[in-house]
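*Asks:*
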Amino acid sequence: LLSAYAERIAIANVEWGMMLVLRDVTKEKELDLKQSEFVSIVSHELRTPLSSIMGFTELLMRRTLDGPRQKKYLETIHSETVRLAELIDDILEIQKGEDVSQGTFKRRLDLKRLIFDMKPMFDLASHLHRIRVSFEEGDYRMTASEEKMKQLFTNLIMNAIKYSPDGGTIKIHGQVKDQFISLMVEDEGIGIPEKALPFIFDKFYRADNSDTRKIGGTGLGLAICQMIVMDHGGTITVQSEEGHGSVFTVQFSIETIAE
Ligand code: ADP
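Residue numbers (the UniProt record's numbering): 289 to 547.
Following this line, the structure appears as structure tokens:
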């Protein structure tokens with residue numbers, strides 16, 4: 289990232305002299321701490337898979353390795369490339385969500401139908417898990433972005449699958465009560481340590497449960513979920529017990545739902 293930036297400045301210098309450089313410095317000053325912090329975390333996160341890709345490709349170029357070892361290194365390069373692509377997608381999603389000028393297109397959407405439409409995709413995602421969907425009586429229509437809602441429930445259900453490595457049932461339950469539409473995603477997985485609960489919606493935060501079990505991820509999925517829910521005037525909460533599972537609850541107030 290930095291070298292691409294430096295290159296741009298160098299080219300700009302040749303073509304337009306000092307003016308552009310001065311403008312960039314001013315722009316840098318305008319960055320608040322949070323954003324510069326974000327950039328530094330992003331650079332660090334991107335650098336980790338990149339270093340590994342660089343290391344392994346250099347090794348493969350320098351040495352002739354036997355078949356199995358070559359395959360193992362290529363697999364590592366591939367999985368790190370996939371991780372890099374996921375990171376870039378998530379980072380772009382976060383940036384899009386924070387850009388208030390990029391309003392999302394919302395229309396009347398039936399959340400119950402959306403979940404049932406997505407169910408075959410969830411079933412395909414894992415052979416180890418059973419996905420159960422249940423909805424109580426009620427009207428699940430709200431004004432929402434279909435694309436964002438799909439992303440919200442995909443993130444929650446993929447996490448439920450990912451953090452239940454031994455399988456089990458994942459329940460998606462809907463309820464309309466006390467002026468709220470609620471959707472719960474419940475798993476029987478590894479659960480979240482109590483001390484981690486206040487941080488799991490923070491960008492790049494990953495609890496010990498993922499580190500110790502070597503479950504991959506970017507730490508951005510839940511931050512994206514929270515941004516989507518907030519953009520729809522709702523809340524997202526979690527209840528969890530280590531070793532037993534987690535329940536994520538998304539709630540939208542009926543009052544904020546336009547006719
Ligand atoms: P990640 O890419 O790490 O999965 P998320 O933002 O989706 O990032 O989640 C943040 C952290 O919250 C995860 O690293 C994991 O520690 C924890 N977590 C999220 N969902 C679950 C779940 N269903 N069960 C257990 N832990 C979870």
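Quick reminder that beta carbons are idealized off the backbone N, C-alpha and C, glycines included.
State yes or no: is the C-beta of LEU510 nearer than 7 angstroms to some heavy atom of the ligand ADP?
*Replies:* Counting from one through the sequence shown, the residue named residue 510 turns up at place 222. LEU510 Cβ: within cutoff of the ligand ADP.
*Asks:* Within its chain, find whatever has a CB closer than 8 angstroms to the CB of GLY509; leave out the 5 residues flanking it on each side and keep chain order.
*Replies:* Along the sequence shown, read from residue 1 onward, the residue named residue 509 stands at position 221. Once the five neighbours on either side are set aside, the close Cβ partners of GLY509 are ASP378, ASN443, MET446, ASN447.
*Asks:* For the ligand ADP, any of its heavy atoms closer than 7 angstroms to the Cβ of residue 285?
*Replies:* No information on residue 285 is available, as it lies outside the stretch 289 to 547 that the chain covers here.
*Asks:* On the CB-based measure, 16 or more other CB atoms within 10 Å of its CB, does GLN514 come out buried or exposed?
*Replies:* On the sequence shown, position 226 is the one that residue 514 refers to. Buried, because 16 or more other Cβ atoms sit within 10 Å of the Cβ of GLN514.
*Asks:* Starting from the Cα of GLU346, find the closest Cα among LEU362, HIS332, ALA373, ILE458 and give me that residue.
*Replies:* The count along the sequence shown starts at 1 and reaches residue 346 at position 58. Nearest C-alpha to GLU346: LEU362.
*Asks:* According to DSSP, is GLN358 part of a helix, a strand, or is it coil?
*Replies:* For this step, residue 358 is matched to residue 70 along the sequence shown. Looking at GLN358 - three-state DSSP - the assignment turns out to be helix.
*Asks:* Along the chain, which unbroken stretches of the beta strand (DSSP E) at least 3 residues long are found entirely within the segment 388 to 473?
*Replies:* Segments of the beta strand (DSSP E) lying fully in the segment 388 to 473: 395 to 398, 417 to 423, 429 to 432, 456 to 465.
*Asks:* Alpha carbon to alpha carbon, how far is GLU386 from ASP320? Give it in angstroms, no decimals.
*Replies:* For this step, residue 320 is matched to residue 32 along the sequence shown. For this step, residue 386 is matched to residue 98 along the sequence shown. The pLDDT assigned to ASP320 is 46, lower than 50, so where the model puts this residue is not dependable; a value taken from the coordinates is nonetheless given after this. Straight-line Cα distance between these residues: approximately 14 angstroms.
*Asks:* Three-state secondary structure (DSSP) at ILE524?
*Replies:* Here residue 524 refers to the residue found at position 236 when the sequence shown is read from its first residue. Three-state DSSP puts ILE524 in a strand.
*Asks:* Look at the Cβ atom of ILE341, then the Cβ atom of GLU374, and state whether they are nearer than 8 angstroms.
*Replies:* Here residue 341 corresponds to residue number 53 of the sequence shown, with the count starting at 1. Here residue 374 corresponds to residue number 86 of the sequence shown, with the count starting at 1. In this structure, GLU374 does not lie closer than 8 angstroms to ILE341 by Cβ.
*Asks:* Once DSSP output is grouped into helix, strand and coil, what is the label at THR537?
*Replies:* Locating residue 537 in the sequence shown gives position 249, counting from the first residue. Three-state result, THR537: strand.
*Asks:* In this structure, does DSSP put GLU529 in helix, strand or coil?
*Replies:* Counting from one through the sequence shown, the residue named residue 529 turns up at place 241. DSSP places GLU529 in strand when its eight states are reduced to three.
*Asks:* Kindly confirm or deny that the segment 486 to 506 and the segment 455 to 474 touch, where touching means at least three C-beta pairs closer than 8 angstroms.
*Replies:* Short answer: they don't touch.
*Asks:* Shortest alpha-carbon distance to VAL330 belongs to which of HIS366, GLN358, LEU372?
*Replies:* Against the sequence shown, residue 330 aligns to sequence position 42. Checking every option, the nearest Cα to that of VAL330 belongs to LEU372.
*Asks:* So GLY522 packs on PHE540, CB below 8 angstroms; how close in whole Å?
*Replies:* Translated into positions along the sequence shown, residue 522 becomes position 234. Translated into positions along the sequence shown, residue 540 becomes position 252. With 8 angstroms as the limit, GLY522 and PHE540 qualify as a contact, their Cβ atoms being about 4 angstroms apart.
*Asks:* Nearest-angstrom Cα distance between MET430 and HIS332?
*Replies:* Against the sequence shown, residue 430 aligns to sequence position 142. Against the sequence shown, residue 332 aligns to sequence position 44. The alpha-carbon atoms of MET430 and HIS332 are separated by roughly 39 angstroms.
*Asks:* Tell me which residue opens and which closes the alpha helix (DSSP H) that LEU510 is part of.
*Replies:* For this step, residue 510 is matched to residue 222 along the sequence shown. It spans 509 to 519 - the alpha helix (DSSP H) in which LEU510 sits, taken as one unbroken run.
*Asks:* Once DSSP output is grouped into helix, strand and coil, what is the label at GLY479?
*Replies:* Working through the sequence shown from its first residue, we reach residue 479 at position 191. Here GLY479 sits in coil by DSSP.
*Asks:* Assign HIS532 to buried or exposed, taking buried as 16 or more other Cβ atoms, counted over all protein chains shown, within 10 Å of its Cβ.
*Replies:* Stepping through the sequence shown from its first residue, residue 532 is reached at position 244. The residue is exposed, with fewer than 16 neighbouring Cβ atoms inside 10 Å.
*Asks:* Considering only C-alpha positions, which residue in the set THR336, LEU353, ILE382, ILE365 is nearest to PHE326?
*Replies:* Residue 326 sits at position 38 when you count from the first residue of the sequence shown. Looking at the Cα atoms, ILE382 is the closest of the given residues.
*Asks:* DSSP on LYS384, reduced to helix/strand/coil?
*Replies:* As a working mapping, residue 384 is identified with position 96 in the sequence shown. If DSSP states are grouped into helix, strand and coil, LYS384 belongs with the helices.
*Asks:* In three-state terms, what does DSSP make of PHE490?
*Replies:* On the sequence shown, position 202 is the one that residue 490 refers to. Just to set this straight, residue 490 is Asp in the shown sequence, not Phe. In this structure, ASP490 counts as coil in the three-state DSSP scheme.
*Asks:* From LYS400 to ALA484, what does the alpha carbon distance come to, in whole angstroms?
*Replies:* For the purposes of this step, residue 400 is taken as the residue at position 112 of the sequence shown. For the purposes of this step, residue 484 is taken as the residue at position 196 of the sequence shown. Approximately 31 angstroms between the Cα atoms of the pair.
*Asks:* Applying the 10 Å Cβ sphere with the 16-neighbour rule, what's the burial state of PRO337?
*Replies:* If you number the sequence shown from 1, residue 337 lands on position 49. Buried, because 16 or more other Cβ atoms sit within 10 Å of the Cβ of PRO337.
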